[in-house]
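Here the sequence shown is numbered in the working numbering, starting from 48 and rising by one per residue.
A virtual CB, placed ideally from N, CA and C, is assigned to each residue, including glycine.
Predicted model only: the values in this text are computed from it and were never measured.
Worksheet for the structure shown next.
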Amino acid sequence: MTTQEVAEKLVHLCRSGNYPEAYGLYAPDAVSIEMPGMPNERTAGIENILAGFEQWASSIEENHGGSVGDPTIAANHFVVPMMSDVTFKGRGRCKMEELCVYEVENGKIKTASFFYDPAVFNG
């Protein structure tokens with residue numbers, strides 16, 4: 048798949064809430080990078096990335112909504128703005144806006160980097 052095709056498929060799957068299939072777009076040796084100091088700051092390998100997602104998803108008490116924007120493509124990278132509004136178990140409600148930057152190699156997501164304000168988790 049081209050970078051454009053990967054981007055469009057990822058956005059479609061995320062908008063429909065089909066995250067397991069979305070992670071199927073990742074390379075086996077993909078790397079996921081969160082903001083410095085956040086849990087799972089750097090996670091390598093699709094099995095570890097999936098485990099981190101499952102841990103995050105299981106910490107959500109209630110989902111109040113969210114959005115997935117349109118992708119912007121530049122060579123073998125694309126960026127997607129996303130927003131989530133959730134209540135975490137024992138931590139309260141959190142509304143987070145982020146930019147998700149993806150690098151595509153050989154038709155698969157090789158690197159996923161997430162940019163957001165970590166302070167939203169502390170307030």
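Only counting the same chain, and skipping five residues up and downstream in sequence, which positions put a Cβ closer than 6 Å to that of residue 142? 132
With a floor of 3 residues, list each beta strand (DSSP E) that falls wholly inside the region 66-147, ordered by position along the chain. 73-80, 89-91, 107-115, 119-121 and 124-135
Assigned secondary structure, residue 50 (DSSP; H/G/I helix, E/B strand, else coil): In this structure, residue 50 counts as helix in the three-state DSSP scheme.
Out of 98, 95 and 79, point me to the one whose CA is closest to residue 89's CA. 79
Of the listed residues 83, 72 and 136, nearest to residue 52 (C-alpha basis): 72
Element boundaries [beta strand (DSSP E), containing residue 162]: 155-162
Taking residue 163 and residue 145 to be in contact with their CB atoms under 8 Å, please state how far apart those CB atoms are, rounded to whole angstroms. 4 Å
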